[in-house]
Structure formats: structure tokens, C-alpha cells
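Residue numbers (the working numbering): 85 to 324.
By construction, the Cβ of each residue, glycine as well, lies at the ideal position given by its N, Cα and C atoms.
These notes are about the structure you will find just below.
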Amino acid sequence: TILERYKGNEAQLFATLEQRYPNVTVKSTLPSPTPVSMSHRDKLVAFYKQADPSKIKDIPTILDKYKGNEEALFKTLSERYPHINMSELASPPRASGQSHRERLTAFYEKADPSKIKDIPTILERYKGKEEDLFKTLSERYPHINMSDLASPQSSPDTTSNNNHEKLVAFYKQADPSKIKDIPTILDKYKGNEEALFKTLSERYPHINMSELASPSQASGSSPEAGVSYKEKLTAFYEKA
Numbered sequence: 085t086i087l088e089r090y091k092g093n094e095a096q097l098f099a100t101l102e103q104r105y106p107n108v109t110v111k112s113t114l115p116s117p118t119p120v121s122m123s124h125r126d127k128l129v130a131f132y133k134q135a136d137p138s139k140i141k142d143i144p145t146i147l148d149k150y151k152g153n154e155e156a157l158f159k160t161l162s163e164r165y166p167h168i169n170m171s172e173l174a175s176p177p178r179a180s181g182q183s184h185r186e187r188l189t190a191f192y193e194k195a196d197p198s199k200i201k202d203i204p205t206i207l208e209r210y211k212g213k214e215e216d217l218f219k220t221l222s223e224r225y226p227h228i229n230m231s232d233l234a235s236p237q238s239s240p241d242t243t244s245n246n247n248h249e250k251l252v253a254f255y256k257q258a259d260p261s262k263i264k265d266i267p268t269i270l271d272k273y274k275g276n277e278e279a280l281f282k283t284l285s286e287r288y289p290h291i292n293m294s295e296l297a298s299p300s301q302a303s304g305s306s307p308e309a310g311v312s313y314k315e316k317l318t319a320f321y322e323k324a
């Protein structure tokens, strides 16, 4: 109930709680984030990169064949390629916190740049089913390796991705009908984004730019990596 009441405004909730309970520090109550595990597809991609790169294009077919019996698949591969240690396979870049939009942008930059403008619409259509979307894209474009897509830390487009996310969060509060125009707005203000956000702050003074939640926070994640607002609030009340 508390989280529902403060949905989209969690920062204000925790600021209020810290004022009411000055003896409790929110950050000290946070549980350790749960590590992200690799999907079967990511693990198979990492495996075949070492064992036989020509097999990567066949991964969707292999996974369909072993659906529900993936452990048997990896056991067979371990026996066939004993020189490769399954437990040492590298986790894909997206495990470091890459958003669905960033991942899709990186994908379409390689597959079909003309689709980049349609990403907000595509993500709306597949909301909650993003893994199905990426599976479909993998099958449609087998020559592109999802696990090779740049993570936000290494991607040169991180700043533009962040600006897009900030603008989405802003217009969700200010004027949702403008969300579809975001790619055009960012093109117009390319290299001058600070002026854009300054103009918006003056036009909509009731919205605090610094408190805008990123997409990951809006879906339940707190600014502390891997910790949901529910976990943060539970940990807080355990002490308060």
C-alpha cells in the first residue's frame, strides 16, 4: 500500500522516512543484490564462441530441440568439449545493467538502423515480454550475436541513451502524448541537451528533473544496483 501510494515518487518517501527516523540510515539497511545469472542462450553463445563459432547461428534450433532439458544439453557438450569449462563462461555485457532500450538500440544499429526510431513503440508492444522480443530478433537476424552488443558502460551512445530515458520519465509526468516525439526532439537538440532540459524545467516548474526515475527504477529498482524499492523499504522498517 505504501509503495502504491508513492509510486513514481519513491525518493520523496525515503526522504520523509529518514526525517521521521533519523536514527536509521537507509543505505545501511540494504540487502546485498542478487547476482544475475546467464540465460541458456547466453551460456550457449559463450560456449560456442570458444568451441565452434560456426554453430552460433544454430543456437535457436538447438534450444528448441532441448527445451526443458537444457541440463542434458550442457552435460553432453561438456563431455564432447572437455577442454572448455562451463563454469568459467563469461556473462554477457547486458548483465551489468543494460536497459532493454539500450540493448535494442545496439541491436538495430547493426541490423537495421531505420528501425531505431520505432524502438519506443516496439518496447510498448512487448512490455513485460522483452525476452520474447529478443528471441524473435535472434531468430530473424542469426548473424547478429546478442551477447556481443555493447553494454552502457562501454557504449559511446550511453549519454544519448540516458537523455532519452530522462526525457521519457519527464514526459510521463508532464505530457505522455509527447513520448512518441522524443527521437525528433533529441535530434533537434543533439549536442545541446542541457539547454533542452533547462527549457523544460522552466516550462514545467512543478516537475523536479533531479528526482526523475530511470526506467529501471520505475519498474521497481532503487538507485542502489539490484535492490528493489520493496526490499529497501522492508529493510528500513526492520530497523525503524
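The DSSP-derived three-state label of residue 276 is coil.
With 16 or more other Cβ atoms from the protein chains shown falling within 10 Å of its own Cβ, residue 187 counts as buried. Separation of the CB atoms of residue 141 and residue 204 is rounded to 30 Å, and the pair is thereby denied contact status at 8 Å. Take the alpha-carbon of residue 268 and the one of residue 124: they are about 37 Å apart. Rounded to the nearest angstrom, the gap between the Cα atoms of residue 169 and residue 219 is 26 Å.
The three-state secondary structure of residue 140, taken from DSSP, is helix.
Residue 247 and residue 208 do not touch by the CB rule: their CB atoms are close to 19 Å apart, not below 8 Å. In the three-state reduction of the DSSP assignment, residue 196 falls in the coil class. Here the stretch 274-288 lies against the stretch 250-261, with 3 or more beta-carbon pairs under 8 Å apart. Around the Cβ of residue 183, a 10 Å sphere holds 16 or more other Cβ atoms; the residue is buried. When the Cα atoms are used, residue 196 and residue 99 turn out to be separated by approximately 44 Å.
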